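> Residue numbers (the working numbering): 535 to 658.
Just so it is clear, CB atoms sit at the ideal spot from N, CA and C, and this is done for glycine as well.
These numbers come from a predicted model, not from an experiment.
My structure is below; once you've seen it, I'll send some questions.
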């Protein structure tokens, strides 16, 4: 596996999750995530994809939790299609937060098995 493939994989997966094609129960998922980020006023809304952390799901809306279920099922296939082995991925999460200027940001963050961090802004 080439470690440099991790960054594009996390960007594409996060972009799909917060993008306009992720429509569940009559609304876009990003609408719920952005609303939660605004309510938290700077605190980060986190979705951890790998390893799975179920305790953070209780802070999210039922619509977002439903979508996360679909995306968690798809995640191993998505990683494999990018040539990324989950054995070499220590952590991967999506962060949604509101900055001091009230702009909403979405960031994908991953850490490989060597401790190197990869991050990229998907929405800003």
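If you draw a straight line from the alpha carbon of residue 577 to that of residue 588, how long is it in whole angstroms?
So the alpha carbons of these two residues sit roughly 19 Å apart.
> Of all the options 581, 653 and 593, which has the alpha carbon lying nearest to the alpha carbon of residue 660?
No answer is possible for residue 660: it lies beyond the span of the chain, which begins at 535 and ends at 658.
> Measure from the alpha carbon of residue 634 to the alpha carbon of each residue in 572, 623, 548 and 558, then state which is nearest.
Nearest option by C-alpha distance: 572.
> For residue 552 versus residue 656, is the C-beta spacing smaller than 8 Å?
Their beta carbons are under 8 Å apart, which means residue 552 touches residue 656 by this criterion.
> Exposed or buried, what is residue 586 when buried is set at 16 or more other beta-carbons lying within 10 Å of its beta-carbon?
Exposed: under 16 other Cβ atoms inside 10 Å.
> Rounding to the nearest angstrom, what Cα-Cα distance links residue 556 and residue 648 in this structure?
One C-alpha to the other measures close to 32 Å.
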